[in-house]
Amino acid sequence: MKKVVLALAAVAGLAATGVQAQGYPTRPITMIVPFAAGGPTDVIARIVTDHMSRTLGQQIVIENVAGAGGTTGITRAAQSQPDGYTIMMGHMGTHGAAPALYPNLKYDPTKDFAPIGLAAGTPIVIVAKKDFPANDLKSFLDYLKANAEKVNMAHAGVGSVSHSTGIFFNSVVKVKPTMVAYRGTGPALNDLMGNTVDFMTDQIVNVAPQIQGGNIKAFAIATPERSPVLPNVPTTKEAGLEGYEVSAWNAAFAPKGTPPEVVKKLSDALIKSLEDENTKKRLLELGGVIPSATERTPEALQKLVESEVARWTPVLKAAGATAE
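All letters in the sequence shown, in the order written, are residues -21 to -1, 1 to 303 by mature numbering (1 follows the signal peptide of the UniProt record, and there is no 0).
Written out as structure tokens, the structure reads:
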């Protein structure tokens, strides 16, 4: 009799979940951004959720939860109630590099999330403070190799995109500058503009306006082709640096166990946002790359996460990178 009662309770619970999913959403949704306000992940999240909110008929409220290279916020989001009212904006660092850097990571990027969809690609740019004593990539690399112990490199925390791509850069160039951690790329960029730190590798979405405004220097973009937003910035290959081509990405996730119907509503809203001309314009003006139709699906995002974990784990372990 007890087993029958438990079975009926489970069925009732599933039925209730189904009813809730059908009416979803009935109240505002929280999107956890695991970095400080003003950084690239925060900017992309605010751009895409603006249109998503209108599609869903409920406001998506951004909550910035910074710390530990984004893993603090992602851990909190992963442990949230899987009802669609708490989602997150992850990226290459939190869902690709983190497992290699945090041996005690409290989540598995490949298993503990319900992928919603890819939001944007973000090419990496090598940038420095405006009065750095070099004006092109070759002279920058020469100076760095001769003075690595005197130079410091900013990043948004261990496991962040700027940290992972920075470690990769250092391993390719074979230098070991002093690494300076911040609680987000926004604060790191502020100190770069204030000449407190020397250089960093960062997402184009974050640095393009400051490059255009002459507030920082750009030595190269780590993509096969130049960006239309920064047409005068050469690619790393053009500038003579082989082996350093890397782009980041930002994507939306829900906690594991979120009802499929809810995930589909969120995914459909994200896709509509990326098809909106104003959303596309805002992302492209910052140098973002709009995902293709085949790249936007939850299934494609799951494959991307799996491939990124497989890619970054050997790179970062070979470089001896760790959060401890």
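Think of the CB as a built atom: it goes at the ideal place given N, C-alpha and C, for glycine as much as any other residue. Given the structure is predicted, the values throughout are model-derived calculations rather than measurements.
{"query": "Considering only their Cβ atoms, is the gap separating Ser150 from Ala298 smaller than 8 angstroms?", "result": "yes"}
{"query": "If distances are taken between C-alpha atoms only, which option among Ala45, Tyr86, Ala98 comes closest to Ala272?", "result": "Ala98"}
{"query": "Reducing DSSP to helix, strand and coil, say where Val137 ends up.", "result": "coil"}
{"query": "CB Phe198 to CB Ala107, shorter than 8 angstroms?", "result": "yes"}
{"query": "Does DSSP put Ile269 in a helix, a strand or coil?", "result": "coil"}
{"query": "Is it right to say Asp121 is buried, meaning 16 or more other beta carbons lie within 10 angstroms of its own, or is it exposed?", "result": "exposed"}
{"query": "Of the residues His70, Gly100, Ala47, which one's Cα is nearest the Cα of Pro82?", "result": "Ala47"}
{"query": "From Pro203, Val154, Val288, His142, pick the residue whose C-alpha is nearest to that of Phe119; which is it?", "result": "Val154"}
{"query": "Alpha carbon to alpha carbon, how far is Met31 from Ile250?", "result": "9 angstroms"}
{"query": "Flag this pair as yes or no: are the beta carbons of Trp228 and Ala79 separated by less than 8 angstroms?", "result": "no"}
{"query": "Measure the beta-carbon distance from Met132 to Met67 and round it to whole angstroms, keeping in mind my assumption that it falls under 8 angstroms.", "result": "Actually they are not in contact, since the Cβ atoms of Met132 and Met67 sit about 27 angstroms apart, beyond 8 angstroms."}
{"query": "Between the stretch 14 to 33 and the stretch 246 to 262, do three or more beta carbon pairs fall short of 8 angstroms?", "result": "yes"}
{"query": "Quick check on Val(-3): does DSSP put it in helix, strand or coil?", "result": "Residue confidence is low: Val(-3) scores 48 on pLDDT, short of 50, so the model does not pin down where it sits. No coordinate-derived value is stated."}
{"query": "Going by beta-carbon coordinates alone, are Asn174 and Asp91 separated by less than 8 angstroms?", "result": "no"}
{"query": "Is the stretch 68 to 76 in contact with the stretch 279 to 294, if contact means three or more CB pairs nearer than 8 angstroms?", "result": "yes"}
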